[in-house]
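Trainee: Numbering (the numbering used here), first residue to last: 1 to 277.
Heads up, the beta-carbon is just placed ideally off N, CA and C, and yes, glycines get one too.
These numbers were taken from a predicted model, which means no experiment stands behind them.
Next up is a structure, given as structure tokens.
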């Protein structure tokens, strides 16, 4: 699973892309809310708890950027002010308007996805997953049932409040959109070794898991970063490392991640910078 323990103060990861990503999140929540937010009634307490947890974390660990006056939380990075006692929107949605992370809640007993604000999905739709348990959610993932289903279930069941763990996941997308809910992209002009550096983007997700102390729900966060392949290739050693990782993907995994259609062109572009030994 590749999980690493982290201090609770590292629940979120801010970056220079904060203004741009938050503007996109606001736009998506305003124009496409039904696609990026969903909640079952059973998650109400956990949604409120998540907002208070995120707000407390921001005030304690990101103090230069956030301030509290009475019940009003001020975001000094955007100039927004929010009433924590009487939010103008759903508490989980408000939490998702404060941080770059997508926020998903799992039922404490069944690990069912009960609520989420998911602005930057990578090839999955929230409506398809809401109300399903982890095994059902990961049905399309190659080898998940055989290798990961039981270990993940055991880990989730044993996860104690106050503990934060992280893992990283990566893929390559044709295009720079952060909001990519469709499992398959419509065919377009073929990617070539010449066009790959500008068209393809390395997308990395920092994922964390923690358990809320009061409701017992599990909070799963996803912080997405991406860069054009050209930027990645400019970093010393990165082209060779990425090429090795791409070559090591089983065919089923490459197909699931959407890399298979342009895998050869991607490797050709990387090999121009770092010829394989």
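Compare the Cα-Cα distances from residue 279 to each of 41, 157, 120, 7 and report the closest residue.
Mentor: For residue 279 there is no data in the structure shown, the boundaries of the chain being 1 and 277.
Trainee: Drop a sphere of 10 angstroms on the beta-carbon of residue 4, count the other beta-carbons inside from all chains shown, and report buried for 16 or more, exposed for fewer.
Mentor: Stepping through the chain shown from its first residue, residue 4 is reached at position 4. Counting Cβ neighbours within 10 Å, residue 4 comes out exposed, since fewer than 16 surround it.
Trainee: Can you look up residue 207 in the DSSP assignment and give me helix, strand or coil?
Mentor: Locating residue 207 in the chain shown gives position 207, where the first residue counts as 1. Strand at residue 207.
Trainee: Below 8 Å on the Cβ atoms is my contact criterion, and I expect residue 202 with residue 232 to pass it. Report the Cβ-Cβ distance as a whole number of Å.
Mentor: Locating residue 202 in the chain shown gives position 202, counting from the first residue. Locating residue 232 in the chain shown gives position 232, counting from the first residue. About 5 Å; that satisfies the 8 Å criterion.
Trainee: Since residue 108 contacts residue 215 with CB under 8 Å, what's their CB separation in whole angstroms?
Mentor: To locate residue 108, count along the chain shown from 1; it is residue 108. To locate residue 215, count along the chain shown from 1; it is residue 215. 7 Å between Cβ atoms; contact.
Trainee: My output table needs one value for residue 155: the three-state DSSP class, helix, strand or coil.
Mentor: Mapped onto the chain shown, residue 155 falls at position 155. Residue 155 falls in the helix class under three-state DSSP.
Trainee: Along the chain, where does the alpha helix (DSSP H) that runs through residue 30 open and close?
Mentor: Taking the chain shown and counting its residues from 1, the one referred to as residue 30 is at position 30. Element bounds for residue 30: 18 to 31.
Trainee: Which value, in whole angstroms, describes the spacing of the CA atoms of residue 212 and residue 275?
Mentor: As a first step, residue 212 is located in the chain shown; it is residue number 212 there, counting from the start. As a first step, residue 275 is located in the chain shown; it is residue number 275 there, counting from the start. Roughly 48 Å between the two C-alpha positions.
Trainee: Report all residues from its chain with a CB closer than 8 Å to the CB of residue 227; omit the five preceding and five following residues, and keep chain order.
Mentor: Taking the first residue of the chain shown as position 1, residue 227 is located at position 227. If we look at residue 227 and ignore the five residues flanking it on each side, its Cβ neighbours are 201, 202.
Trainee: Run the CB neighbour count on residue 279, radius 10 Å, all protein chains shown included, and call it buried at 16 or more, exposed below.
Mentor: What is shown of the chain runs 1 to 277, which leaves residue 279 out entirely.
Trainee: For residue 32, tell me which candidate among 180, 154, 132 has the shortest Cα-Cα distance.
Mentor: For this step, residue 32 is matched to residue 32 along the chain shown. Selected option, being the one with the closest Cα: 180.
Trainee: Going by DSSP, which residues form a beta bridge with residue 221?
Mentor: If you number the chain shown from 1, residue 221 lands on position 221. Answer is 103, 208, bridged to residue 221.
Trainee: Can you tell which of 60, 56, 124 has its C-alpha closest to the C-alpha of residue 257?
Mentor: Stepping through the chain shown from its first residue, residue 257 is reached at position 257. Residue 257 has its Cα closest to that of 124, out of 60, 56, 124.
Trainee: Checking the sheet assignment: what are the DSSP bridge partners for residue 173?
Mentor: For the purposes of this step, residue 173 is taken as the residue at position 173 of the chain shown. Answer is 201.
Trainee: Whole angstroms are fine: how far does the CA of residue 126 sit from the CA of residue 38?
Mentor: To locate residue 38, count along the chain shown from 1; it is residue 38. To locate residue 126, count along the chain shown from 1; it is residue 126. Going from the Cα of residue 38 to the Cα of residue 126 covers about 7 Å.
Trainee: At the level of alpha carbons, what is the spacing between residue 110 and residue 184?
Mentor: In the chain shown, the residue the question calls residue 110 occupies position 110. In the chain shown, the residue the question calls residue 184 occupies position 184. Approximately 29 Å between the Cα atoms of the pair.
Trainee: Is the beta carbon of residue 205 less than 8 Å from the beta carbon of residue 192?
Mentor: The residue given as residue 205 occupies position 205 in the chain shown. The residue given as residue 192 occupies position 192 in the chain shown. No; because the gap between Cβ atoms is not below 8 Å, this pair is not in contact.
Trainee: What are the partner residues of residue 168, as DSSP defines its beta bridges?
Mentor: For the purposes of this step, residue 168 is taken as the residue at position 168 of the chain shown. Answer is 206.
Trainee: Starting from residue 56, trace the alpha helix (DSSP H) in both directions and tell me its first and last residue.
Mentor: As a first step, residue 56 must be located in the chain shown, where it is residue number 56. Element bounds for residue 56: 44 to 61.
Trainee: Just to check my reading of the structure: residue 218 and residue 156 have Cβ atoms closer than 8 Å, yes? What is that Cβ distance to the nearest angstrom?
Mentor: Position 218 of the chain shown holds residue 218. Position 156 of the chain shown holds residue 156. Their Cβ separation, rounded to whole angstroms, is 6 Å, which keeps residue 218 and residue 156 in contact under 8 Å.
Trainee: Thinking C-alpha only, which one of 162, 238, 236, 272 is nearest residue 208?
Mentor: Here residue 208 refers to the residue found at position 208 when the chain shown is read from its first residue. Nearest of 162, 238, 236, 272 to residue 208, Cα basis: 162.
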